[in-house]
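J.: The structure under discussion is supplied below as structure tokens; questions concerning it will follow.
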Amino acid sequence: MYVGDKGILLGGFNGDNPSVYPPSPKYQAPPRQSGRGGRPAQGTQAGPPREGAIEHWIAACKGGPASLADFEIQAPVTEALLLGCLAQRLPGEKFLWDTTQMKITNNQKGNAFVDPPYRSGYDA
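Structure representation (structure tokens):
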């Protein structure tokens, strides 16, 4: 999302299918793309098709190189994201995260969110 003096330019997840708000004939967004994931529709690609996350994952399952969604890559990213969510729940608190123990070492209030007890009948 880009907010300017004369309107807002809003795109999809990958910046695809941008729209201008408020709609105005003076400010037109680029033409909408109809392909999957913001890519141009089949037959309109300028170059060879690129492999996406699904193709990388399938290749990894078949013994190819690890995909970019590999747990060794994504686990630390997920931990950082979830700690950010925790920081929003407890503003002003500081957290020291121990990756090997999967817990916060200096804040019990924060640790209560990390591994909460399950209610009876909902054990994992």
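Residue numbers for the sequence shown follow the numbering used here, beginning at 3 and rising by one.
All C-beta atoms, glycine included, are put in the ideal place defined by N, C-alpha and C.
Distance, Cα to Cα, residue 9 vs residue 90?
T.: In the sequence shown, residue 9 corresponds to position 7, counting from 1. In the sequence shown, residue 90 corresponds to position 88, counting from 1. Rounded to whole angstroms, residue 9 to residue 90 spans 30 Å at the Cα level.
J.: In terms of residue numbering, what span does the alpha helix (DSSP H) encompassing residue 83 cover?
T.: As a working note, residue 83 is residue 81 in the sequence shown. Element bounds for residue 83: 73 to 91.
J.: Closer than 6 Å by C-beta to residue 4: which residues in its own chain qualify, once you throw out the five before and the five after it? Chain order, please.
T.: In the sequence shown, the residue the question calls residue 4 occupies position 2. 11.
J.: For a test of the three-state rule: what should DSSP assign to residue 111, helix, strand or coil?
T.: Counting from one through the sequence shown, the residue named residue 111 turns up at place 109. DSSP places residue 111 in helix when its eight states are reduced to three.
J.: Name the DSSP bridge partner or partners of residue 4?
T.: Position 2 of the sequence shown, counted from the first residue, corresponds to residue 4. Paired residue(s): 11.
J.: Taking the alpha-carbon positions, what's the residue 7 to residue 60 distance?
T.: Along the sequence shown, read from residue 1 onward, the residue named residue 7 stands at position 5. Along the sequence shown, read from residue 1 onward, the residue named residue 60 stands at position 58. So the alpha carbons of these two residues sit roughly 45 Å apart.
J.: Compute the Euclidean distance between the alpha carbons of residue 62 and residue 69, then round it to the nearest angstrom.
T.: As a first step, residue 62 is located in the sequence shown; it is residue number 60 there, counting from the start. As a first step, residue 69 is located in the sequence shown; it is residue number 67 there, counting from the start. The straight-line gap from Cα to Cα measures roughly 6 Å.
J.: If I follow the unbroken beta strand (DSSP E) through residue 21, where does it start and stop?
T.: For the purposes of this step, residue 21 is identified with residue 19 of the sequence shown, where counting begins at 1. Note, residue 21: beta strand (DSSP E), 21 to 23.
J.: Based on the DSSP output, what are the partners of residue 100 in its beta bridges?
T.: If you number the sequence shown from 1, residue 100 lands on position 98. 105.
J.: Do you know offhand how far residue 95's Cα is from residue 113's?
T.: Taking the first residue of the sequence shown as position 1, residue 95 is located at position 93. Taking the first residue of the sequence shown as position 1, residue 113 is located at position 111. Cα to Cα, residue 95 sits roughly 12 Å from residue 113.
J.: If contacts are defined as beta-carbon pairs under 8 Å, then residue 97 and residue 85 qualify, I think. What distance do you get, rounded to the angstrom?
T.: Working through the sequence shown from its first residue, we reach residue 97 at position 95. Working through the sequence shown from its first residue, we reach residue 85 at position 83. Their Cβ separation, rounded to whole angstroms, is 6 Å, which keeps residue 97 and residue 85 in contact under 8 Å.
J.: Does DSSP classify residue 55 as helix, strand or coil?
T.: For the purposes of this step, residue 55 is taken as residue 53 along the sequence shown, with counting starting at 1. Helix.
J.: Determine the burial state of residue 56: buried for a count of at least 16 other Cβ atoms within 10 Å of its Cβ, exposed for fewer.
T.: On the sequence shown, residue 56 is found 54 positions in, with the first residue counted as 1. Exposed: under 16 other Cβ atoms inside 10 Å.
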